[in-house]
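Residues -27 to -1, 1 to 291 (mature numbering (1 follows the signal peptide of the UniProt record, and there is no 0)) make up the sequence shown, in order.
Ideal Cβ positions, reconstructed from N, Cα and C, are used throughout, including at glycine.
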Amino acid sequence: MAIRAKANVIFPLLALTAMLIHPLAQAQDEPVTFDFYGKINVSLQSNDLDDGTPSDTEIISNASRFGIKGGAQLDGDLEVIYQLEWEVDVADLGGDDNIKARNQFIGLKGNFGEFTVGRRDTALKLVQSGFDPFSNYAADMKHIFAGKNRTKNTLSYFSPKYNQFQVAASYVFAEDDFVDDGISLSLAYGDKKLKQTQFHAAIAVDDSVNGRDIVRAMGMTKVGDTQLGLLWQDQENVDGTGQADGWVANVIQPWQNFSFKFQYQMMDFDDGDKSAIAAGADYKLGANTIVYAWYTGRDLDNIDVQQRYLAIGIEHKF
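Structure representation (structure tokens):
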């Protein structure tokens, strides 16, 4: 346990050291891109879990992170690319899980697209990237919908965009001989920020990824300044049990420095429904800093539980 705790500190420090010495070590004839980035997101959150215990208030680190990413030009039109990212719990006192690995991979990029190997978000997970306005909070889709997988032992491919269409694929190698390798595929149109196209849409499937088979369809568009989103999903365990289907709808309305957000999600399971409603607002303090507040209520009819969460917080990106 002590060795693991030390490793959790040493590896990120090595990455930071590499960032500092990198400009001195790069070859003059090899164009290199290199970026150190991150964000800190912390909130004061009230939790009512409806589990027989009193409600409590705590400080939460909402997927705060830092990382390095970049690439270097190789012979011809080939480029090597890489990313090393860690999640850090800035509200925690410390421990083995204070720093966790996120996307970490290396690969090659060219006119054929992009191949990477390592730990990376699956093709199906990336469909909801930019869709869920409450990602990494208690209202995150992942608490009701399966499919938010970042898998290790993963070979990923992203095609070049052709007329705004792009194909993505993830092949997840199973470590257990009795478990099938997983496959995740997606076909997407448009850009997630809706700046280049009027709408963004995607369809994706998971086959034997993290023990589940999933089909997902998503669409986003803007009506004036108002962003609208809709997602549908069908999921089941690989053995055919646990089938469920549901949908998510959300609205984002900017106004001056504010961004108002609303989302409803519902999943119909064999033993009852799970649903959640969320509303919140962000206020932009600067180019990279916001303060926010949100509320979410989660109704788990299958176990007769109603959970409530309320938070205020701040986020800064660098």
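Where does the unbroken beta strand (DSSP E) through residue i begin, and where does it stop?
| i | result |
| --- | --- |
| Ala260 | Taken as a continuous stretch (DSSP letters only), Ala260 belongs to no beta strand (DSSP E), as it is neither H nor E. |
| Val100 | From DSSP, Val100 is part of no beta strand (DSSP E) but of the alpha helix (DSSP H) over Ala96 to Val100. |
| Met193 | Arg185 to Val196 |
| Asn223 | Ala217 to Trp228 |
| Glu209 | Thr199 to Asn210 |
| Lys234 | Phe231 to Phe242 |
| Thr6 | Val5 to Asp21 |
| Ala36 | Premise fails: Ala36 is in no beta strand (DSSP E) and is neither H nor E. |
| Gly155 | Gly155 to Tyr162 |
| Leu57 | Glu52 to Val61 |
Give the DSSP-derived three-state secondary structure of residue i in the structure shown.
| i | result |
| --- | --- |
| Lys73 | strand |
| Lys42 | strand |
| Lys134 | coil |
| Lys115 | helix |
| Asp180 | strand |
| Arg271 | strand |
| Ala142 | strand |
| Ile276 | coil |
| Glu87 | strand |
| Ser248 | strand |
| Ser129 | strand |
| Phe104 | coil |
| Glu148 | coil |
| Tyr110 | coil |
| Thr124 | strand |
| Asp48 | coil |
| Leu167 | coil |
| Ala64 | coil |
| Leu(-4) | Confidence is the limiting factor: at Leu(-4) the pLDDT is only 43, short of 50, which leaves the residue's position unreliable and the question unanswerable from this model. |
| Asp24 | coil |
| Gly213 | coil |
| Phe291 | coil |
So is residue i buried or exposed if we call it buried at 16+ other beta carbons inside 10 Å?
| i | result |
| --- | --- |
| Val102 | Note on identity: in this sequence residue 102 is Ser, with Val being the wrong assignment. With fewer than 16 Cβ atoms within 10 Å of its Cβ, Ser102 is classed as exposed. |
| Glu31 | exposed |
| Asp198 | exposed |
| Val196 | exposed |
| Ile276 | exposed |
| Asp29 | exposed |
| Pro27 | exposed |
| Val145 | buried |
| Glu58 | buried |
| Gly219 | buried |
| Arg271 | buried |
| residue 328 | A query on residue 328 cannot be resolved here, the shown segment of the chain reaching from -27 to 291 and no further. |
| Asn84 | exposed |
| Asn261 | exposed |
| Asn76 | buried |
| residue 304 | Absent from the model: residue 304. The displayed extent of the chain is -27 to 291, so no value can be given. |
| Thr214 | exposed |
| Val61 | buried |
| Ile(-7) | Residue placement at Ile(-7) is poorly supported in this model, since its pLDDT is 46, which falls under 50; the coordinates still yield a value, given next. Exposed, by the Cβ-count rule. |
| Pro106 | buried |
| Gln18 | buried |
| Leu283 | buried |
Relative to the C-alpha of residue i, which residue among the options is closest?
| i | options | result |
| --- | --- | --- |
| Asn20 | Lys290, Gly215 and Ile285 | Ile285 |
| Gln216 | Asp207, Ala222, Ile287 and Phe39 | Asp207 |
| Tyr281 | Ser16, Asn14, Thr194 and Leu22 | Correcting the residue type first, residue 281 is Arg in the shown sequence and not Tyr. Minimum Cα distance to Arg281 is reached at Leu22. |
| Ala119 | Phe78, Val178 and Ala141 | Val178 |
| Pro227 | Ala254, Gln238, Val221 and Val211 | Ala254 |
| Asp149 | Asp244, Phe39, Asp8 and Asn126 | Asn126 |
| Met193 | Thr170, Thr6 and Ile187 | Thr170 |
| Phe235 | Ile176, Ala252 and Asp244 | Ala252 |
| His116 | Gly67, Leu258, Thr269 and Lys290 | Thr269 |
| Val100 | Leu283, Glu87, Asn122 and Gly80 | Asn122 |
| Gln200 | Gly213, Arg38 and Ser232 | Ser232 |
| residue 292 | Ser108, Leu47 and Gly44 | Only positions -27 to 291 of the chain appear in the structure, and residue 292 is not among them; the question remains open. |
| Phe172 | Ser132, Phe104 and Arg189 | Phe104 |
| Ile263 | Val15, Lys82, Lys247 and Val63 | Val15 |
| Phe9 | Gly25, Leu17, Gly49 and Gln56 | Gln56 |
| Tyr256 | Tyr265, Leu203 and Gly245 | Tyr265 |
| Ala74 | Leu81, Ala96 and Thr124 | Thr124 |
| Asp244 | Asp274, Val224, Met191 and Ile250 | Asp274 |
| Leu97 | Asp186, Lys247 and Asn210 | Asp186 |
Given 8 Å as the limit, tell me if residue i has its C-beta closer than that to any heavy atom belonging to the ligand SAM.
| i | result |
| --- | --- |
| Ile32 | In the structure shown, the ligand SAM is absent, as is every other ligand, since no ligand is present at all. |
Can you check whether the C-beta of residue i is within less than 9 Å of a C-beta belonging to chain B?
| i | result |
| --- | --- |
| Ser181 | Within the model displayed, chain B is absent; a lone protein chain is all it includes. |
Contact the stretch 128 to 148 vs the stretch 157 to 164: 3+ CB pairs below 8 Å: By the Cβ rule, the stretch 128 to 148 counts as touching the stretch 157 to 164, because three or more pairs are nearer than 8 Å.
Stretch pair the stretch 151 to 161 + the stretch 177 to 186: three plus CB contacts closer than 8 Å: With the rule of 3 Cβ pairs closer than 8 Å, the stretch 151 to 161 counts as touching the stretch 177 to 186.
Any 3 or more C-beta pairs closer than 8 Å across the stretch 87 to 94 and the stretch 103 to 117: Touching, no.
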